[in-house]
Structures are given as structure tokens and as C-alpha cells.
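A short write-up of the structure that comes next.
Numbering (the working numbering), first residue to last: 4 to 119.
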């Protein structure tokens with residue numbers, strides 16, 4: 004399966020309202036889509052991207068670009084991430100188990116196995 008098909012079919016939880024739906028839902032009429040697959044929410048890279056996109060959002064939208072992001076975490080961490088960065092909760096989806104990352108053969112996030 005190609006990456007676009009995976010992105011189009013994968014269902015994740017939207018941070019703004021908690022609804023589980025396809026990641027690209029609502030993007031059907033967009034001329035271009037910018038999809039970011041982030042590691043854990045709160046990771047410095049995720050924060051930096053969110054701040055940059057938040058600053059450039061009007062320009063990107065004016066060029067017909069729809070923005071979606073998915074990060075490893077739960078809805079509560081997604082809400083905190085949005086509050087801290089100003090990133091819109093309508094654009095952010097969460098994947099608690101990094102399922103999308105695994106399907107795309109990306110880094111699935113930190114996994115610690117503690118002795119005991």
C-alpha cells in the first residue's frame with residue numbers, strides 16, 4: 004500500500020472533539036495537503052514544527068494548503084500540546100499506539116522496557 008492510501012484510510016482521534024475519523028477527512032476538496040507525522044507530542048521537533056506552522060497558517064491556507072498532523076500520544080496530551088503551541092486542535096490527530104508510524108515504517112516512538 005502506498006503512503007497516501009495509508010494516510011487516507013488510517014483513522015485517528017482528532018484532538019479538538021475526540022472524534023475518530025480518517026486522518027484526511029475534510030481534505031477532499033483541497034488542492035494540496037500538508038501531512039506531518041510527528042513523534043511524541045512534546046518532542047522538540049514537534050513543538051518547533053507546530054510553532055512554525057501556526058505562524059505561517061494564513062499564508063499556507065491562502066495557497067490552498069490544508070494542514071493535518073498526527074503525533075504519538077493521547078487526546079489529553081494533544082490538548083496540552085495545542086494549548087502550549089497554539090496549534091489548532093482541528094488539525095491535530097493522535098495515535099496512542101503509533102499504529103500509523105508502524106504502517107509507514109517510521110520511528111514508532113520511545114519504548115522503554117524496565118527491568119522488574
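Heads up, the beta-carbon is just placed ideally off N, CA and C, and yes, glycines get one too.
Cβ-Cβ distance between residue i and residue j below 9 Å
| i | j | result |
| --- | --- | --- |
| residue 74 | residue 38 | no |
| residue 94 | residue 71 | yes |
| residue 2 | residue 81 | Absent from the structure is residue 2, since the part of the chain shown begins at 4 and ends at 119. |
| residue 16 | residue 69 | no |
| residue 103 | residue 13 | yes |
| residue 44 | residue 76 | yes |
| residue 65 | residue 20 | no |
Cutoff 6 Å; reference residue i; Cβ partners in own chain excluding five residues on either side
| i | result |
| --- | --- |
| residue 57 | 89, 90 |
| residue 96 | 15, 17, 26, 73 |
Segment limits, alpha helix (DSSP H) that includes residue i
| i | result |
| --- | --- |
| residue 54 | 47-65 |
Coil, strand or helix - residue i by DSSP
| i | result |
| --- | --- |
| residue 6 | helix |
| residue 74 | strand |
| residue 85 | helix |
| residue 28 | coil |
| residue 103 | helix |
Proximal residues to residue i (C-beta, below 7 Å), its chain only, five neighbours per side dropped
| i | result |
| --- | --- |
| residue 10 | 26, 27, 38 |
| residue 107 | 6, 9, 40 |
Same chain, Cβ closer than 8 Å to residue i, neighbours up to 5 away in sequence not counted
| i | result |
| --- | --- |
| residue 63 | 37, 56, 70 |
| residue 33 | 67, 68, 69 |
| residue 29 | 69 |
| residue 48 | 41, 42 |
Residue span of the beta strand (DSSP E) that contains residue i, given as start and end
| i | result |
| --- | --- |
| residue 96 | 95-98 |
| residue 40 | 35-43 |
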